[in-house]
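Chains as they are written, first to last, in this note's numbering: chain D, 11 to 571; chain H, 1354 to 1562; chain P, 104 to 200.
Right, here's the structure in full:
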C-alpha cells in the first residue's frame, strides 16, 4: 500500500480497533471480532487462575501421605473444580475464542466474522455459564470428578452436581456458536485469491476444530441433560436397578470427551505451525500433509472414545476395535510432529520466546502422544487405569501441549494484538521456567502411576511421598512461570516499545495490516497471490533468499551430500 | 427493503443468505447429534429389554401421537409454501402461510398438553407411584418424557420465530423476499417436524400388534 | 435470481403433493403397526419414517436445489450419527452374558 493510497482513506478507517471507544459499554456491546477476542481472553484468564488455585490446594495436601489441609469431601470438590474449570472454561475455549476470534478473519482477509452478533452472543453465553459455575463452586460444587459418571452423579454425590452440569451445558452453546461462526466465515469470507490450499495452517486448525466442536458438543449437552433429568426430576435413564446401563452414559460422555481432547490440541497444532516456520525462516514441511493430518485427526478422533472404557465392562470385541482405532489416530499426529521437526531442518533458527514455547510444545506433545500409545494398548491400560500415569499423560497433552502453544501464540501475536513489544529476556526466562516447572511437576507422576498410585486419592502410602513432594514443588515453579507473563505483558501494555506492523518478519495477511489493526482489519480488501509461509522461494534455501536474519547457515542447502 | 436485511460484514445479500443457510445447516447437524444421543440411548435400552419396551410403549396414546404427526406434516407443507412464496414475491401468501404454520404448531402443543395431562393422571411418570410397576418399562417412559419434552421446547422456539417473522412482516418492518431469516426459520421448522417423524414410530407404534 | 418464477398455483400444488405423500406414509406406518407381520413390523415403520424424513429434507428443505456445500453439511450430521451408533453397538451387541 503506497502513502498516496493511504492518504485517501479517511482517518476513522485507519484508527485502531482499540481506539474505537474506551467506555465499558463500547466493549460490552461490540461486535468486532478483535474486541470479542479480548473479552474472551480476560474471561478465560480469570478461570485459569481459579482452576489453578484449586489444584494448588490439592498439591499442597499431597505433600504428606496423611490428610492434613482439607477434608476428604473438600478434596473431592477441589479436583472436580479443577477439572471442570480447566477443561470447559479454559482449555476448550482457550485458543479458538481468543486467537481464533482475533486472527481467523485477519488471516483470510475478511473484515469480520460471518455472524458478528452471534459471536458476541457466544461470549455472553460463556459468561452466563461462568456465573452458574461460580455459583455452583461457592455453594458447593459437585464432587464427581469432571467425568460425572453415573450412578455417582445421579444418586450418591452430595454437591450441586446439577448446577455444575448446567454450567457446562450452557457453555456448550457458546462452543457451538463459535464453531458455526468459524465454519461459515472460512467458507464464505475468504479474500480474493485465498484458496483453500493457501490458507495458513492456523486457519485449517480452526476449521478442523470447529467441525469437532459442532459435532461433539451436542452429545455432551444431551448427556449432561440426561444426568440432570435423572438427578433432579427422577426420570430413570441410566438407573441400573431398573435395567439401565451406566456404560451407556460412558459411551455418550466419551463420544464428546475424547474428541474434546482434539478440540484442545488441534488449535495448539495450528499455533505451532505458524510460529515454527517464522522463527526457522523455513516453509512449513509438507503443507498438504499437515492439512490432511488435521482433517484426519478431526475425523478419526471421533472413533476412538472406547479406549477410556477398557476396564469398564465394555465387551472384549469393542476393546479390540477401539484399541486398533486409537493406534490409527496416532499416525496423523506423528506426521505433524515429523513435519515440524523437518521444518526446522537447515532453517535459520532463532530462539525468541514464542519459538521456545513452540519447541517446548513439540517435545512435550510428542511425549504425551507416545504415552498415549502405551495407554491405547489394552494390557498396559489395565495396569495403569485410573493412576497418575493417565494423569501425567493427559497433562503432557493439555498443559505441556495446549498451554505451551497458548503461550507461544500469546507471545507471537501480542505485538499484533496490542501494538507493543514485551521484554524479550523476561519472556525467554518464563518460557524456560515453564518447561522445567512442567516436567518437574508431571514427570514424577508417570513413575508414581506406574508404581500404582491411583488418581483422586487424598491419602496414600508413605513410599509415594518423595514423588508427590517433587510434583508439588514443580507445581510451585510452574505457578511462578504462569504469573510472570501476567506481569511483564501488563507492563508492556504501558511501557513496551512500539511493535511496528511486522516485528518478526512473518508472512500471513495478519502481518500486512497495522498493529493493532483497524476496525475493519484492512483498508482495502487484500488480494492473495501466493501460498502461505513464503519465507524463501520454493526449492531454495533461506539464506539464498536474503533472509531478514542472515546468519551463517549450519551447512549450505543441498550441498555436501 | 432488501437493504435493511444486509448486515456487516457482507457486501451483497445473496452471499449473506448463503452464509445464513450454511450456518443453519451446520446448526442442524449439531441438532442431529443432540437428538442422536437420545436415539442411541433409546435403541441400546430397547435392544436390552425388547419385551418390556413393547409392553410399556403400548400405554402411549396412539391417536394423540398420530394426530400430532399429521399436524406437523401439514405445517411442513404450509412452511414450504411460505418459503417459496416469499422468494417468488408473494408476500401476502407467505405471511398467511407463516401464520398458519405457527397456529398448527400451537395446535400441536395443545394436543400434547392434553396428552401429558392424561399420562400423568394414569400414573405414567416413572417413580414410586409408577403404574406399570418396577420394570425396564420405567426407562421407556423416562425416554418418552425427555424426548417429547425436548421436542416440545424446540417446537415452542419455532413457533416464536415464525410468529416473529410474520408480525414483523405485517407491520412492514422487514421484507420477506430476500431476507436471510426466512429460509433459515424454514429450515429450523422442517427439522423440528423431522424429529417428530422419527419419534413417532419409536414411541407410538412399538408393540401395537 | 432463478430464471423462471413459479406461479402461486405451482407452489401450492407442489406443497399439496408433498403433504399427500407424507400423510399416505403416516397411514401405512400406522396401519401396519397394528397388524402382526412378525419380523417386518419394525422395518416397515422405520423405512416409512426414513422416507418421510428424506422427503422433507429434499423437497421441504430444498436440498435438491441447494449448493453442494449445504448438502455436505446436511449429510455430515447423519454420517456422524452412524459412527456413534456403529461403534456404540460394537459394545452393546458383543457383551458376554
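Beta carbons are placed, not taken as given, at the ideal position from N, Cα and C, and that holds for glycine.
Everything numeric in this text was worked out from a predicted model, so none of it was measured.
Interface flag, residue i vs chain H, CB-CB below 8 angstroms
i                     : result
residue 104 (chain P) : Unreliable positioning characterises residue 104 (chain P) in this predicted model, as indicated by a pLDDT of 45, which lies under 50. The coordinate reading is nonetheless provided below. Yes, because at least one Cβ of chain H sits closer than 8 angstroms to the Cβ of residue 104 (chain P).
residue 47 (chain D)  : no
residue 181 (chain P) : yes
residue 157 (chain D) : no
residue 143 (chain P) : no
residue 111 (chain P) : yes
Below-8 angstroms beta-carbon distance, residue i vs any chain D residue
i                      : result
residue 187 (chain P)  : yes
residue 1544 (chain H) : no
residue 168 (chain P)  : no
residue 199 (chain P)  : yes
residue 173 (chain P)  : no
residue 1537 (chain H) : no
residue 1354 (chain H) : Bear in mind that the predicted position of residue 1354 (chain H) carries a pLDDT of just 39, short of 50, making it too unreliable to give a figure here.
Residue i, enclosing alpha helix (DSSP H) - first and last residue
i                      : result
residue 426 (chain D)  : 414-428
residue 1469 (chain H) : 1444-1474
residue 165 (chain D)  : From DSSP, residue 165 (chain D) is part of no alpha helix (DSSP H); its letter is neither H nor E.
residue 479 (chain D)  : 475-505
residue 138 (chain P)  : Taken as a continuous stretch (DSSP letters only), residue 138 (chain P) belongs to no alpha helix (DSSP H), as it is neither H nor E.
residue 354 (chain D)  : 326-354
residue 376 (chain D)  : 363-386
residue 400 (chain D)  : 398-405
residue 287 (chain D)  : 256-290
residue 115 (chain D)  : 111-118
Assigned exposure category for residue i - 16 Cβ within 10 Å defines buried
i                      : result
residue 181 (chain D)  : buried
residue 570 (chain D)  : Its pLDDT being 42, under 50, residue 570 (chain D) is placed unreliably in this model, and the coordinates cannot settle the point.
residue 508 (chain D)  : exposed
residue 510 (chain D)  : exposed
residue 185 (chain P)  : exposed
residue 1367 (chain H) : exposed
residue 50 (chain D)   : buried
residue 1466 (chain H) : exposed
residue 273 (chain D)  : buried
residue 468 (chain D)  : buried
residue 403 (chain D)  : buried
residue 1373 (chain H) : buried
residue 326 (chain D)  : exposed
residue 520 (chain D)  : buried
residue 1462 (chain H) : exposed
Span separating the alpha-carbon of residue i from that of residue j
i                      : j                      : result
residue 356 (chain D)  : residue 258 (chain D)  : 51 angstroms
residue 1484 (chain H) : residue 1478 (chain H) : 8 angstroms
residue 147 (chain P)  : residue 1420 (chain H) : 20 angstroms
residue 144 (chain D)  : residue 1489 (chain H) : 37 angstroms
residue 27 (chain D)   : residue 535 (chain D)  : 17 angstroms
residue 241 (chain D)  : residue 249 (chain D)  : 10 angstroms
residue 278 (chain D)  : residue 180 (chain P)  : 26 angstroms
residue 263 (chain D)  : residue 188 (chain P)  : 14 angstroms
residue 1493 (chain H) : residue 1457 (chain H) : 28 angstroms
residue 150 (chain D)  : residue 169 (chain D)  : 5 angstroms
residue 1406 (chain H) : residue 35 (chain D)   : 55 angstroms
residue 216 (chain D)  : residue 266 (chain D)  : 18 angstroms
residue 146 (chain D)  : residue 174 (chain D)  : 6 angstroms
residue 472 (chain D)  : residue 366 (chain D)  : 37 angstroms
residue 1402 (chain H) : residue 1384 (chain H) : 27 angstroms
residue 1500 (chain H) : residue 232 (chain D)  : 10 angstroms
residue 77 (chain D)   : residue 193 (chain D)  : 49 angstroms
residue 73 (chain D)   : residue 477 (chain D)  : 9 angstroms
Residue i CB to nearest heavy atom of the ligand NAP below 7 angstroms
i                     : result
residue 360 (chain D) : Within the structure as shown, the ligand NAP is missing, as the structure has no ligands at all.
Closer than 8 angstroms to chain P by CB, residue i
i                      : result
residue 207 (chain D)  : no
residue 1561 (chain H) : yes
residue 340 (chain D)  : no
residue 1553 (chain H) : yes
residue 1426 (chain H) : yes
residue 1460 (chain H) : no
Three or more C-beta pairs below 8 angstroms linking the stretch 107-125 of chain D and the stretch 75-95 of chain D: By the C-beta criterion, the stretch 107-125 of chain D is judged not to be in contact with the stretch 75-95 of chain D, since fewer than 3 inter-stretch pairs fall below 8 angstroms.
Contact the stretch 505-519 of chain D vs the stretch 284-298 of chain D: 3+ CB pairs below 8 angstroms: The stretch 505-519 of chain D, when compared against the stretch 284-298 of chain D, does touch it at the 8 angstroms Cβ threshold.
At least 3 beta-carbon pairs within less than 8 angstroms: the stretch 120-138 of chain D vs the stretch 153-166 of chain D: Taking 8 angstroms as the limit for Cβ pairs, the verdict is that the stretch 153-166 of chain D does not touch the stretch 120-138 of chain D.
Inter-stretch contact (C-beta, 8 angstroms, three-pair minimum) for the stretch 381-399 of chain D and the stretch 332-341 of chain D: The stretch 381-399 of chain D is in contact with the stretch 332-341 of chain D.
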